[in-house]
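Quick note on numbering: the sequence shown equals residues 316 to 569 in our numbering.
No residue lacks a Cβ here, since even glycine has one placed at the ideal position from N, Cα and C.
The structure under discussion appears below in the form of structure tokens.
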Amino acid sequence: MFRPCIDLHEGRVKQIVGGTLSDEPGRLQTNFVSDRPAAWFAELYRRDGLKGGHVILLGPDNETAARDALQAFPGGLQVGGGVNLSNAQAWLDCGASHVIITSWLFPDGRLDWTRLERLNKALGKDRLVIDLSCRKRGGEYFVVTDKFQTFTNVTLRPELFHKLANSCAEFLVHAVDVEGLCRGVDLELVKNLGDWTPLPMTYAGGARSMEDLETVTRIGQGRVDLTIGSALDIFGGTGVKYVDVVEFNKRQAR
Numbered sequence: 316m317f318r319p320c321i322d323l324h325e326g327r328v329k330q331i332v333g334g335t336l337s338d339e340p341g342r343l344q345t346n347f348v349s350d351r352p353a354a355w356f357a358e359l360y361r362r363d364g365l366k367g368g369h370v371i372l373l374g375p376d377n378e379t380a381a382r383d384a385l386q387a388f389p390g391g392l393q394v395g396g397g398v399n400l401s402n403a404q405a406w407l408d409c410g411a412s413h414v415i416i417t418s419w420l421f422p423d424g425r426l427d428w429t430r431l432e433r434l435n436k437a438l439g440k441d442r443l444v445i446d447l448s449c450r451k452r453g454g455e456y457f458v459v460t461d462k463f464q465t466f467t468n469v470t471l472r473p474e475l476f477h478k479l480a481n482s483c484a485e486f487l488v489h490a491v492d493v494e495g496l497c498r499g500v501d502l503e504l505v506k507n508l509g510d511w512t513p514l515p516m517t518y519a520g521g522a523r524s525m526e527d528l529e530t531v532t533r534i535g536q537g538r539v540d541l542t543i544g545s546a547l548d549i550f551g552g553t554g555v556k557y558v559d560v561v562e563f564n565k566r567q568a569r
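Structure representation (structure tokens):
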């Protein structure tokens with residue numbers, strides 16, 4: 316299935332090459348900047364019944380746009396980026412269906428199981444998505460945090476997903492090395508995710524065509540959904556038409 320997204324940077328909807336996110340001046344590569352507000356995209360997704368998409372805050376000054384999007388599609392969107400124990404409930408109260416936890420869960424590059432337990436007690440696992448976005452190094456996929464720049468000591472393995480499945484409702488994985496490049500998805504990673512995940516899973520990174528959506532659905536064994544960003548026509552892309560992904564989801568639901 317296709318899952319929509321709203322990526323926010325400096326208060327605007329953008330499509331960014333994931334591996335270039337940094338505080339370093341001049342490094343960021345942006346594929347698209349929308350003239351439309353985040354709420355416009357949320358209303359579009361609501362109209363077409365595309366639930367389960369994610370709103371990601373890429374840095375500061377995005378809170379207002381994120382809240383507007385959540386209010387335009389109450390219960391239809393997940394929110395992530397800077398989410399922690401102190402603000403997670405507030406995002407749910409704003410209309411998010413789930414909160415997505417990323418860097419806060421990996422202080423000092425290590426998965427903090429105590430933090431996860433505290434979050435579960437506060438929210439319940441059914442409202443929590445764990446982001447295991449990754450980069451490949453030495454033949455293994457390592458979870459990365461802090462704008463995808465910090466390698467943790469956590470590698471993606473079947474036992475990790477099965478252990479974390481006791482504490483969340485879904486997983487989200489950005490394939491950072493290919494995200495925003497529109498050169499095709501990381502098929503090795505998608506196959507692994509399909510084999511390993513016991514929960515719903517969303518993969519993002521590199522999608523460039525409807526064929527990619529069909530392939531991810533197939534090799535992910537129906538367990539892995541796909542987010543398409545820079546290739547999508549509503550984000551200035553030419554590889555995929557929004558009307559086609561809507562129709563794809565309708566066919567899958569029949």
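By Cβ distance, which residues of its chain are closer than 8 Å to residue i, with the 5 residues on each side in sequence left out?
i, result
"T467", "F421, G424, R425, L426, F457, V458, V459, T460"
For residue i, which residues in the same chain have their Cβ closer than 7 Å to its Cβ, ignoring the five residues on either side in sequence?
i, result
"G391", "Y360, R361, K366, S412"
"R382", "C409"
"V531", "V500, V505, Y518, V539, L541"
"P513", "F476, H477, A480"
When we look at the beta-carbon of residue i and count the other beta-carbons within 10 Å, is it buried (16 or more) or exposed?
i, result
"T517", "buried"
"D350", "exposed"
"Q393", "buried"
"N564", "buried"
"T429", "exposed"
"A546", "buried"
Using only alpha-carbon positions, find the residue among the options that is nearest to residue i.
i, options, result
"G552", "G521, W428, R450, Q567", "G521"
"G439", "R318, A403, E378, A568", "A403"
"I445", "K478, R452, E485, T470", "E485"
"D376", "L323, Q386, E358, G364", "L323"
"C449", "T429, N481, N507", "N507"
"R472", "M316, G454, G495, F463", "G454"
"H369", "R566, T379, N346, G396", "G396"
For residue i, which beta-bridge partners are listed by DSSP?
i, result
"E485", "V444"
"T286", "Nothing can be reported for residue 286: it is not among the residues displayed for the chain, which extend from 316 to 569."
"R452", "E455"
"H477", "BP columns for H477 are empty, so no partner."
"F466", "V459"
"A490", "C449"
"K329", "V348"
Short of 6 Å in beta carbon distance, which residues of its chain neighbour residue i, apart from the five on each side in sequence? Order them along the chain.
i, result
"L434", "L400"
"I549", "Y557"
Taking only beta-carbon positions, decide if residue i is within less than 7 Å of chain C.
i, result
"V491", "Reference to chain C is not applicable here, since this structure consists of a single protein chain."
Inset, instruction - Could you tell me which uninterrupted beta strand (DSSP E) segments, each at least 3 residues in length, are contained entirely in the segment 333-414, listed from first to last along the chain? - result: Runs of the beta strand (DSSP E) inside the segment 333-414: 345-348, 368-372, 392-395.
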